[in-house]
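Colleague:
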Amino acid sequence: MSPRYNPLLEVRKGDFEVRDVQNIADILVDPEGSAERRDHWDKTGYALLVAVILHVLYAEEDKSLAGCARLLAHPERTLFQTIERMRTTHHLVGPDGSRRRACNADRGLRECVGSRGGHAACVR
């Protein structure tokens, strides 16, 4: 067995989780670090990836980037069905009793769904 690294296991739960996930998504979407040159699809893909990673961390069994890919490429669901499933999942209840949804990234999901003309680019 070869060594493996799962960046999702490095996400700190609590106050830093969203920022940690954003950092992972930044590296995946923009490995050169040229955020100022991102176009609409880069930004939309980034928002969707943040939402997917947060959802996978809180609602899926396989908490890895491969788990994210499997969620997005599920053979029995369309991308829109997957997004709706993510959007309506009750992810966690915080210590204060508030319902936390992996969709602080919900805005990103709405943007992706709103881009129906090119929705496949949301996951590139």
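Residue numbers (the working numbering): 1 to 124.
Glycine is no exception: its CB is placed at the ideal position from the N, C-alpha and C atoms.
A quick note: this is a predicted structure, and the numbers were derived from the prediction, not measured.
1. If CYS68 and VAL52 are in contact, beta carbons under 8 Å, what's the gap, nearest whole angstrom?
2. Distance, Cα to Cα, GLU36 vs ASP30?
3. If you reduce the DSSP assignment to three classes, tell me which class TYR5 lands in.
4. CA-CA distance, PHE16 and GLN22?
5. Exposed or buried, ASP20, counting other C-beta atoms within 10 Å across all chains shown (16 or more means buried)?
6. Might you give, ordered along the chain, the residues of its own chain that have their beta carbon closer than 6 Å to the beta carbon of MET86, omitting 5 neighbours on each side?
7. Just to confirm, is the Cβ distance from GLU60 to LEU71 under 8 Å?
8. Cutting at 6 Å between CB atoms, please list the residues of its own chain near SER98, excluding the five before and the five after it.
9. Just to confirm my understanding: we take GLN81, look at its own chain, exclude 5 residues before and 5 after, and list those with CB closer than 7 Å. What are they?
10. For the alpha helix (DSSP H) containing ARG85, list its first residue and its last residue.
11. Verify the contact flag: LEU72, CB atom, against every heavy atom of the ligand GTP, threshold strictly below 7 Å.
Modeller: According to the data block:
1. On the sequence shown, position 68 is the one that residue 68 refers to. On the sequence shown, position 52 is the one that residue 52 refers to. CYS68 to VAL52, Cβ: 5 Å. Contact.
2. For this step, residue 36 is matched to residue 36 along the sequence shown. For this step, residue 30 is matched to residue 30 along the sequence shown. Roughly 10 Å between the two C-alpha positions.
3. Indexing the sequence shown from 1 puts residue 5 at position 5. It is coil, neither helix nor strand.
4. Position 16 of the sequence shown, counted from the first residue, corresponds to residue 16. Position 22 of the sequence shown, counted from the first residue, corresponds to residue 22. Between PHE16 and GLN22, the C-alpha separation is close to 10 Å.
5. On the sequence shown, position 20 is the one that residue 20 refers to. Buried, because 16 or more other Cβ atoms sit within 10 Å of the Cβ of ASP20.
6. In the sequence shown, counting from the first residue as 1, residue 86 sits at position 86. Only HIS55 meet the Cβ criterion.
7. In the sequence shown, residue 60 corresponds to position 60, counting from 1. In the sequence shown, residue 71 corresponds to position 71, counting from 1. A contact, by the Cβ cut-off of 8 Å.
8. In the sequence shown, counting from the first residue as 1, residue 98 sits at position 98. The predicted position of SER98 is uncertain, since its pLDDT is 47 and thus under 50; no value can be drawn from it.
9. Your numbering for residue 81 matches position 81 in the sequence shown. So the list is empty, once near-sequence residues are dropped.
10. Here residue 85 is taken as the residue at index 85 of the sequence shown, counted from 1. Counting along the chain, the alpha helix (DSSP H) containing ARG85 begins and ends at 79-88.
11. Among the components modelled here there is no ligand, and therefore nothing to report on the ligand GTP.
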